[in-house]
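Visitor: Protein chains in written order, with our numbering: chain A, 5 to 73; chain B, 41 to 315.
We treat Cβ as the ideally placed atom computed from N, Cα and C, and that holds for glycine.
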Amino acid sequence: MAIEGSANMIGYGLAAIGPGVGIGLIFAAYISGVARQPEAQGRLQTIAILGFALAEALAIIGIALAFVL
Amino acid sequence: MSFTPTLVAPREEFVPPGPGDFNLPPIGPHDTFTFLGQEMYLGVTKPMLMLVLSAVLIFVFFRAASAKRAMVPGKTQYIGEMGYGFVRNQLGRDIIGSKDFMRFVPYLFALFFFILLNNFFGSIPFIQFPAFSRSGMVYSLALMSWIIYNYVGVRAQGGVLKYLKHQCVPQGVPVAILPLLIPLEFMSNILVRPVTLALRLFANMLAGHILLILFALGGEYLLLHGSLLVKPVGLLAWVLFIAISFLELLVQFLQAYVFTLLNAMYISGALSEEH
């Protein structure tokens with residue numbers, strides 16, 4: 005069986021496992037925190053969005069470099 | 041993936057989009073010159089015009105919003121105040137602290153709305169091109185951010201050495217680990233920060249736009265050149281194109297917010313007292 009195409013997309017697929025798990029952990033913590041103390045939602049939301057963007061950055065760098073290289 | 045444009049002429053075989061599609065030629069003569077080994081266009085290109093247009097639009101809107109400083113705001117003034125208040129409170133005061141955040145609010149405010157409008161240009165019809173999918177523009181913003189937070193830190197901590205010590209030597213760490221930790225912190229805080237800041241925004245805009253182009257072109261190819269059973273998949277591709285456009289709107293807002301938020305956090309980290 006021969007698979008055509010470049011290995012870039014296989015690399016991207018492997019690279020997206022980490023950020024996927026990381027973002028799941030971040031939002032699990034956010035949901036727990038808001039469930040325990042609903043008044044803290046505003047403050048926790050900023051931190052959750054920040055954490056999401058930092059973890060997502062790696063996945064996005066992965067797909068951008070998969071196209072470029 | 042190719043660096044030559046693929047959107048030019050109709051063809052029988054499907055050519056996937058690549059970064060070459062973002063290479064918009066200048067308006068007017070196509071002269072080029074070489075600078076540090078790269079070939080650069082000599083004329084005015086569409087992303088340059090978009091940056092100028094966004095700056096003019098932001099200035100006109102906020103000028104009009106603050107023209108009549110009524111105590112009971114009208115619609116324009118209310119929207120302007122909401123936008124300004126969002127940046128000043130959530131990004132300025134809550135992150136930098138209520139002591140000296142006002143010095144940085146003009147910079148954060150201009151940065152946030154500049155990036156936001158330029159990102160939204162990727163979704164507005166007839167302009168559909170996010171200006172920050174050209175990496176040169178993003179790296180200039182990252183350079184400005186780097187200069188600002190380092191300069192502010194050096195001024196606040198009182199000298200370059202004290203500032204480096206503040207950034208690279210965390211509190212409460214056993215002395216034996218320090219030779220390992222100091223180069224790591226130096227690289228992470230001072231060398232790598234502008235690169236990741238820029239790369240996050242640039243890669244998000246590039247990847248998002250390539251995704252949109254892929255769905256649109258793929259749907260068109262499947263509809264026109266596919267066999268009869270394959271044509272509905274082309275329609276599905278176009279439905280997904282609409283769904284992903286909404287996702288792109290969210291990502292564009294989020295990336296502008298995160299860029300400004302990280303800028304505020306770096307400034308706050310440079311200014312902070314010993315914790």
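As a quick exercise: from A:Leu73, A:Glu60, A:Val72, A:Gly66, pick the residue whose alpha carbon is nearest that of Val28 of chain A.
Guide: Looking up residue 28 of chain A in the first sequence gives position 24. At residue 28 of chain A the sequence reads Gly, which differs from the Val that was named. Among A:Leu73, A:Glu60, A:Val72, A:Gly66, the Cα nearest to that of Gly28 of chain A belongs to A:Glu60.
Visitor: Compare the C-beta of Leu254 of chain B against all C-beta atoms of chain A and say whether one is closer than 7 Å.
Guide: Here the question's residue 254 of chain B lines up with position 214 in the second sequence. Closer than 7 Å: no.
Visitor: Terminal residues of the continuous beta strand (DSSP E) containing Gly79 of chain B?
Guide: On the second sequence, position 39 is the one that residue 79 of chain B refers to. Note on identity: in this sequence residue 79 of chain B is Glu, with Gly being the wrong assignment. Element bounds for Glu79 of chain B: 78 to 81.
Visitor: Is it buried or exposed for Phe144 of chain B, if we count other Cβ within 10 angstroms and need 16 for buried?
Guide: Working through the second sequence from its first residue, we reach residue 144 of chain B at position 104. If you draw a 10 Å sphere on the C-beta of Phe144 of chain B, you find 16 or more other C-beta atoms in it, and that means buried.
Visitor: Put Thr72 of chain B into one of helix, strand or coil per three-state DSSP.
Guide: The sequence position of residue 72 of chain B within the second sequence is 32, counting from 1. Reduced to three states, the DSSP call for Thr72 of chain B is strand.
Visitor: Within 7 Å of any Cβ in chain B, is that where the Cβ of Val72 of chain A sits?
Guide: Start at 1 with the first residue of the first sequence, and residue 72 of chain A comes out as number 68. True, the Cβ-Cβ gap to chain B drops below 7 Å.
Visitor: Can you tell me which residues form a DSSP beta bridge with Val92 of chain B?
Guide: For the purposes of this step, residue 92 of chain B is taken as residue 52 along the second sequence, with counting starting at 1. In the DSSP output, where bridge partners are listed per residue, Val92 of chain B has none listed.
Visitor: Do Ala110 of chain B and Ala68 of chain A have their C-beta atoms closer together than 7 Å?
Guide: Translated into positions along the second sequence, residue 110 of chain B becomes position 70. Translated into positions along the first sequence, residue 68 of chain A becomes position 64. Result no, Cβ atoms of Ala110 of chain B and Ala68 of chain A do not sit closer than 7 Å.
Visitor: Within 7 Å (strictly less), CB to CB, does Leu18 of chain A reach chain B?
Guide: Taking the first sequence and counting its residues from 1, one reaches residue 18 of chain A at position 14. No, Leu18 of chain A does not count as interfacial toward chain B.
Visitor: List, from N- to C-terminal side, the alpha helix (DSSP H) runs of 4 residues or more that fit wholly inside the stretch 206 to 250 of chain B.
Guide: Counting only runs of 4 or more, we get 218 to 226.
Visitor: Does the beta carbon of Val92 of chain B come closer than 7 Å to any beta carbon on chain A?
Guide: The sequence position of residue 92 of chain B within the second sequence is 52, counting from 1. So no, Val92 of chain B is outside the interface.
Visitor: Using a Cβ cut-off of 9 Å, pull out every chain B residue sitting near Ala11 of chain A, in sequence order please.
Guide: In the first sequence, the residue the question calls residue 11 of chain A occupies position 7. Within 9 Å Cβ-Cβ: nothing; Ala11 of chain A doesn't reach chain B, min ~13 Å.
Visitor: Going along chain B, which residues have a C-beta under 7 Å from Ile67 of chain A?
Guide: Taking the first sequence and counting its residues from 1, the one referred to as residue 67 of chain A is at position 63. In chain order: Ala247.
Visitor: Cβ closer than 8 Å: which chain A residues qualify as neighbours of Pro59 of chain B?
Guide: Here the question's residue 59 of chain B lines up with position 19 in the second sequence. The contacting residues are Phe71, Val72.
Visitor: Could you name the residues that DSSP lists as bridge partners for Val67 of chain B?
Guide: Taking the second sequence and counting its residues from 1, one reaches residue 67 of chain B at position 27. The amino acid occupying residue 67 of chain B in the given sequence is Ile; Val does not appear at that position. In the DSSP output, where bridge partners are listed per residue, Ile67 of chain B has B:Val84.
Visitor: Just by C-beta distance, which residues in the stretch 48 to 59 of chain A are closer than 9 Å to chain B?
Guide: Thr50, Ile53, Leu54, Phe56, Ala57, Leu58
Visitor: When the Cα atoms are used, what is the spatial distance from Pro57 of chain B to Leu220 of chain B?
Guide: For the purposes of this step, residue 57 of chain B is taken as residue 17 along the second sequence, with counting starting at 1. For the purposes of this step, residue 220 of chain B is taken as residue 180 along the second sequence, with counting starting at 1. The straight-line gap separating the alpha-carbon atoms of Pro57 of chain B and Leu220 of chain B is approximately 44 Å.
Visitor: Would you kindly work out how many angstroms separate the C-alpha atoms of Met80 of chain B and Met88 of chain B, rounded to a whole number?
Guide: To locate residue 80 of chain B, count along the second sequence from 1; it is residue 40. To locate residue 88 of chain B, count along the second sequence from 1; it is residue 48. Taking the straight line joining both Cα atoms gives about 13 Å.
Visitor: Give every residue of the same chain whose Cβ lies closer than 7 Å to the Cβ of Ala216 of chain B, excluding the five residues on either side of it in the sequence, and list them in chain order.
Guide: Counting from one through the second sequence, the residue named residue 216 of chain B turns up at place 176. Nothing meets the Cβ criterion.
Visitor: For Ile250 of chain B, which residues in chain A fall below 8 Å Cβ to Cβ?
Guide: What you label residue 250 of chain B is simply residue 210 of the second sequence in a count that begins at 1. The answer, in chain order, is Phe71.
Visitor: At least one CB of chain A closer than 7 Å to the CB of Leu89 of chain B: is that the case?
Guide: Residue 89 of chain B sits at position 49 when you count from the first residue of the second sequence. No, no contact with chain A.
Visitor: Glu53 of chain B: buried (16+ other C-beta within 10 angstroms of its C-beta) or exposed?
Guide: Along the second sequence, one-based indexing puts residue 53 of chain B at 13. By the beta-carbon neighbour count (other beta carbons within 10 angstroms, threshold 16), Glu53 of chain B is exposed.
Visitor: Please work out which residues of its chain come closer than 6 Å, Cβ to Cβ, to Met41 of chain B, disregarding the five sequence neighbours upstream and downstream, and give them in chain order.
Guide: In the second sequence, the residue the question calls residue 41 of chain B occupies position 1. Below a pLDDT of 50, predicted positions are generally treated as unreliable, and Met41 of chain B, at 48, falls in that range; no measurement from the model is reported.
Visitor: Given a threshold of 16 other Cβ atoms within 10 Å of its Cβ, counted over all protein chains shown, does Met177 of chain B qualify as buried or as exposed?
Guide: Here residue 177 of chain B corresponds to residue number 137 of the second sequence, with the count starting at 1. Label assigned to Met177 of chain B: buried.
Visitor: Contact check, Ala196 of chain B vs Ala304 of chain B under 8 Å by CB: the rounded distance?
Guide: Taking the first residue of the second sequence as position 1, residue 196 of chain B is located at position 156. Taking the first residue of the second sequence as position 1, residue 304 of chain B is located at position 264. Contact check for Ala196 of chain B and Ala304 of chain B: beta-carbon distance about 15 Å, past the 8 Å limit, so the pair fails to qualify.
Visitor: Answer yes or no: do Gly274 of chain B and Leu263 of chain B have a C-beta to C-beta separation smaller than 7 Å?
Guide: The sequence position of residue 274 of chain B within the second sequence is 234, counting from 1. The sequence position of residue 263 of chain B within the second sequence is 223, counting from 1. The answer is yes: Cβ separation under 7 Å.
Visitor: Among the residues of its own chain, which have a CB less than 6 Å from the CB of Ala39 of chain A, if the five just before and after it don't count?
Guide: Looking up residue 39 of chain A in the first sequence gives position 35. Once the five neighbours on either side are set aside, Ala39 of chain A has no close Cβ partner at all.
Visitor: Taking the continuous alpha helix (DSSP H) assigned at Ala150 of chain B, which residues delimit it?
Guide: Residue mapping note: residue 150 of chain B aligns to position 110 of the second sequence, counting from 1. Where Ala150 of chain B is concerned, the enclosing alpha helix (DSSP H) stretches over 145 to 160.
Visitor: Given 8 Å as the limit, is there contact between the stretch 88 to 107 of chain B and the stretch 143 to 161 of chain B, that is, 3 or more CB pairs closer than that?
Guide: yes
Visitor: Which residues mark the beginning and the end of the alpha helix (DSSP H) in which Lys139 of chain B is found?
Guide: One-based indexing of the second sequence puts residue 139 of chain B at position 99. Premise fails: Lys139 of chain B is in no alpha helix (DSSP H) and is neither H nor E.
Visitor: List the residues of chain B that Ile30 of chain A touches, going by C-beta distances under 8 Å, in chain order.
Guide: Start at 1 with the first residue of the first sequence, and residue 30 of chain A comes out as number 26. Per Cβ cutoff of 8 Å: no residues; Ile30 of chain A is ~13 Å from chain B at best.
Visitor: My guess is that Tyr34 of chain A and Leu54 of chain A are in contact by the Cβ rule of under 8 Å, so how many angstroms apart are they, rounded?
Guide: Position 30 of the first sequence holds residue 34 of chain A. Position 50 of the first sequence holds residue 54 of chain A. The Cβ separation is near 11 Å, so there is no contact.
Visitor: I need the straight-line Cα distance from Val100 of chain B to Leu218 of chain B, nearest angstrom please.
Guide: Within the second sequence, the letter at position 60 stands for residue 100 of chain B. Within the second sequence, the letter at position 178 stands for residue 218 of chain B. Roughly 52 Å between the two C-alpha positions.
Visitor: Which two residues bound the contiguous alpha helix (DSSP H) that contains Ile30 of chain A?
Guide: Taking the first sequence and counting its residues from 1, one reaches residue 30 of chain A at position 26. 21 to 40 is the span of the alpha helix (DSSP H), which, as asked, contains Ile30 of chain A.
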